[in-house]
Amino acid sequence: MGVQSREGCVVSMRSDPDGRESWRWAEEGRILEEALAELAGLFAREPAHQPDWDAERVRSVLSRLALRLADNYPYFHPLYAGQMLKPPHPVARLAWALALTLNPNNHALDGGRATSQLEKECIARLGGLFGWETVLGHLTGGGTLANLEALWAGRELHPDRPAIVASTDAHYTHARMARLLGVPFIPVPVGADGAMNLDALDRVLDRTAVGTVVATVGTTGWGAIDPVDGLVARRDRYPFRLHADAAYGGYFTLIRERLSRTARLRLEAVCACDSLAIDPHKHGLQPYGCGAILFRDPAVGSVYRHDSPYTYFTSSELHLGEISLECSRPGAAAAALWATLELFPLVPDGPFAGQLWNSCRAARSLAGHLRAHPAWVILEEPELDILVFSIRSPRASALSRLNRAIFDRAAGGGLHLALLTIPTGRARPALPDLDPDVDVVTVLRTCLMKPEHLEWCVQIFGHLEQARLATARPA
Numbered sequence: 085m086g087v088q089s090r091e092g093c094v095v096s097m098r099s100d101p102d103g104r105e106s107w108r109w110a111e112e113g114r115i116l117e118e119a120l121a122e123l124a125g126l127f128a129r130e131p132a133h134q135p136d137w138d139a140e141r142v143r144s145v146l147s148r149l150a151l152r153l154a155d156n157y158p159y160f161h162p163l164y165a166g167q168m169l170k171p172p173h174p175v176a177r178l179a180w181a182l183a184l185t186l187n188p189n190n191h192a193l194d195g196g197r198a199t200s201q202l203e204k205e206c207i208a209r210l211g212g213l214f215g216w217e218t219v220l221g222h223l224t225g226g227g228t229l230a231n232l233e234a235l236w237a238g239r240e241l242h243p244d245r246p247a248i249v250a251s252t253d254a255h256y257t258h259a260r261m262a263r264l265l266g267v268p269f270i271p272v273p274v275g276a277d278g279a280m281n282l283d284a285l286d287r288v289l290d291r292t293a294v295g296t297v298v299a300t301v302g303t304t305g306w307g308a309i310d311p312v313d314g315l316v317a318r319r320d321r322y323p324f325r326l327h328a329d330a331a332y333g334g335y336f337t338l339i340r341e342r343l344s345r346t347a348r349l350r351l352e353a354v355c356a357c358d359s360l361a362i363d364p365h366k367h368g369l370q371p372y373g374c375g376a377i378l379f380r381d382p383a384v385g386s387v388y389r390h391d392s393p394y395t396y397f398t399s400s401e402l403h404l405g406e407i408s409l410e411c412s413r414p415g416a417a418a419a420a421l422w423a424t425l426e427l428f429p430l431v432p433d434g435p436f437a438g439q440l441w442n443s444c445r446a447a448r449s450l451a452g453h454l455r456a457h458p459a460w461v462i463l464e465e466p467e468l469d470i471l472v473f474s475i476r477s478p479r480a481s482a483l484s485r486l487n488r489a490i491f492d493r494a495a496g497g498g499l500h501l502a503l504l505t506i507p508t509g510r511a512r513p514a515l516p517d518l519d520p521d522v523d524v525v526t527v528l529r530t531c532l533m534k535p536e537h538l539e540w541c542v543q544i545f546g547h548l549e550q551a552r553l554a555t556a557r558p559a
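Start counting at 1 in the sequence shown, then tack on 84, and there's your number in the numbering used here.
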């Protein structure tokens, strides 16, 4: 069972022999049952009503669904270290399920009275993470739509400067969204650290009417942070909007004082951006389907020009549906995020910050294990919790074959990684003697975003060594 993609993983589900996962899920079920009873009591004034459903048929369908879901990767386990996936916190799962009994729709106050207010509180807290006392924003289905909304707002505000600029390591959807918006997209090369090259950006700004520059805070491949501080300085000379795609790395602002000086300065500068996207469904412990778009200046709301005489009729307050491209949006997402923020406040010395730091420590710990062995090489020191590394080989083509073989062997042994394809020149600083007999090489990548990864680094390295030795043995 399993598939392999360019940056995918081949995995198999592992059993739960000691029953710990089953016990935890049973405990969650009991907590949810208690909360559901409390919620039902709060609506006891309503006339009795019982929806018609067949419990036995539902039980049968869910049993079959469980079998289908077994054809999946163990995203919840620390030995899954491939894509940006980690389980939502139980409080998020339970809050989402509790809110689903009402199924509120945050398109307007009529559709989600309580959850609309919860969403506004969540947006205020996310804005506070970046020092924004006033903020316009809302939750989205994910970072892609959040970024699209920021780029669309930039086009509407500055139609005379249509071009969008992002680094070559920015998420590929930025180029796609520029095509959707009908505006030029200009990729700017990155430097050796994987961050946008400012000299190359200057050349673009000197000759092009740029409306929006996208600063990536935590690239998908390397976890690199663009020089946001340098971009802020350039915005004083060039009339562009600065948008931070902080979908992955935004939460690390909370622990910036523990990171390198370069990372700290770049994260501190995010507060000066005009807008930002952040994904609570990545590092914010939420189920997938929870992103957010934030604008520093609430006046940006004027570009939406959204009015509906049949939807907004019970309140003079600002409706979230009036400041979003999406209309129907799940109030359950706001309930889940609000509950999580209640349990884990966004404070630098809190347990949530500690979890983020443990992920960074895990990347550094695994890098240390690999660096101590002559067979392995670290291609770039981890800035956040993403580590890119490779087996050593004299030729680029052989290096790719060996890394793919290790990837397959590791998956067969229970460790699930990702493959990253990069220009061969990108590997040369770490491998100066590498024979560039091909233009691109395939290397290994781990995303150590689960706080438990720190405790599993020795085992992860052990799996890597087993895979390397098995690959080196003659067939």
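Where is the CB? At the ideal position from N, CA and C, for every residue including glycine.
Check your understanding: In the segment 410 to 495, which residue ranges form an unbroken alpha helix (DSSP H) of at least 4 residues, counting only runs that do not cross its ends?
Key -> 415 to 427 and 435 to 455
Practice item. Taking 8 Å as the threshold, find out whether the segment 164 to 173 comes into contact with the segment 366 to 377 through three or more Cβ pairs. Key: yes
Review point. Under a three-way DSSP split, which group does G295 fall into?
Key: strand
Check your understanding: With respect to the beta strand (DSSP E) encompassing S251, which residues constitute its N-terminal and C-terminal limits?
Key -> A247 to S251
Exercise for review: Keeping to the same chain, check which residues put their C-beta closer than 8 Å to that of P435; ignore five residues upstream and five downstream.
Suggested key: F428
Check your understanding: Which residue spans inside the segment 118 to 155 form an unbroken alpha helix (DSSP H) run of at least 4?
Key -> 139 to 153
Exercise for review: Check D290 in the structure and name its three-state DSSP category.
Suggested key: helix
Practice item. Closer than 8 Å by C-beta to A262: which residues in its own chain qualify, once you throw out the five before and the five after it? Chain order, please. Key: L235, I248, P268 and F269
Point to revise | Every unbroken beta strand (DSSP E) inside the segment 286 to 363 [3 residues or more] | key: 294 to 300, 325 to 329 and 359 to 362
**Study point:** C-alpha gap between T304 and L504, whole angstroms
**Key:** 10 Å
Check your understanding: DSSP beta-bridge partners for D519?
Key -> R479
Exercise for review: Could you spell out the range, first to last residue, of the beta strand (DSSP E) harbouring C541?
Suggested key: Run containing C541: none in the beta strand (DSSP E); it sits in the alpha helix (DSSP H), H537 to A556.
Exercise for review: Starting from P268, follow its DSSP beta bridges and name the residues at the other end.
Suggested key: P268 pairs with nothing; no bridge assigned.
Practice item. Can you tell me which of the three DSSP states A176 falls into? Key: helix
Check your understanding: In chain order, what residues of the same chain lie with their CB nearer than 6 Å to the CB of H547, ignoring the 5 residues before and after it?
Key -> A494, G497 and L499
Practice item. Specify, as a first and last residue, the run of the beta strand (DSSP E) that G375 falls within. Key: G375 to F379
Exercise for review: Within 10 angstroms of the Cβ of A317, are there 16 or more other Cβ atoms? Answer buried if so, exposed if not.
Suggested key: exposed
Review point. Can you give, in chain order, each stretch of the beta strand (DSSP E) that sits fully within the segment 174 to 253 and has at least 3 residues?
Key: 220 to 224 and 247 to 251
Practice item. Identify the continuous beta strand (DSSP E) that holds R529 and give its terminal residues. Key: V524 to C531
Review point. Nearest-angstrom Cα distance between F379 and V527?
Key: 37 Å
**Study point:** Buried versus exposed call for F336 [16 or more other C-beta atoms within 10 Å across all chains shown]
**Key:** buried
Check your understanding: By how many angstroms is the C-alpha of N281 removed from the C-alpha of G275?
Key -> 5 Å
Review point. In three-state terms, what does DSSP make of P116?
Key: The sequence as given places Leu at residue 116; Pro does not occur at that position. If DSSP states are grouped into helix, strand and coil, L116 belongs with the helices.
Check your understanding: With 16 other CB atoms within 10 Å as the buried threshold, where does P311 fall?
Key -> buried
Practice item. Taking D433 as the reference, give the member of E341, C444, H403 and R445 with the closest Cα. Key: E341
Check your understanding: Which same chain residues, not among the five before or five after L229, have their C-beta less than 6 Å away from its C-beta?
Key -> none
Exercise for review: Would you check if there are 3 or more beta carbon pairs closer than 8 Å linking the segment 237 to 247 to the segment 286 to 293?
Suggested key: yes
Check your understanding: Going by DSSP, what residues sit across from H500 in a beta bridge?
Key -> Y164
Check your understanding: Do you know how far the Cα of R319 is from the Cα of A330?
Key -> 18 Å
Practice item. Indicate whether the contact test is met: 3 or more Cβ pairs, each with one atom in the segment 476 to 486 and one in the segment 344 to 362, closer than 8 Å. Key: no
Exercise for review: Put P171 into one of helix, strand or coil per three-state DSSP.
Suggested key: coil
Exercise for review: Report buried or exposed for G127, applying the criterion of at least 16 other Cβ atoms within 10 angstroms of its Cβ.
Suggested key: First, the amino acid is wrong: residue 127 is Phe here, not Gly. Exposed, because fewer than 16 other Cβ atoms sit within 10 Å of the Cβ of F127.
Review point. Less than 9 Å separating the beta-carbons of A417 and W180?
Key: yes
Practice item. Starting from the Cα of A502, find the closest Cα among A254, V175, H537 and L532 and give me that residue. Key: L532
Check your understanding: Apart from the five residues on each side of it in sequence, which residues of its chain come closer than 8 Å, Cβ to Cβ, to S449?
Key -> L538 and C541
Check your understanding: Rounded to a whole number of angstroms, what is the C-alpha to C-alpha distance between K534 and R557?
Key -> 33 Å
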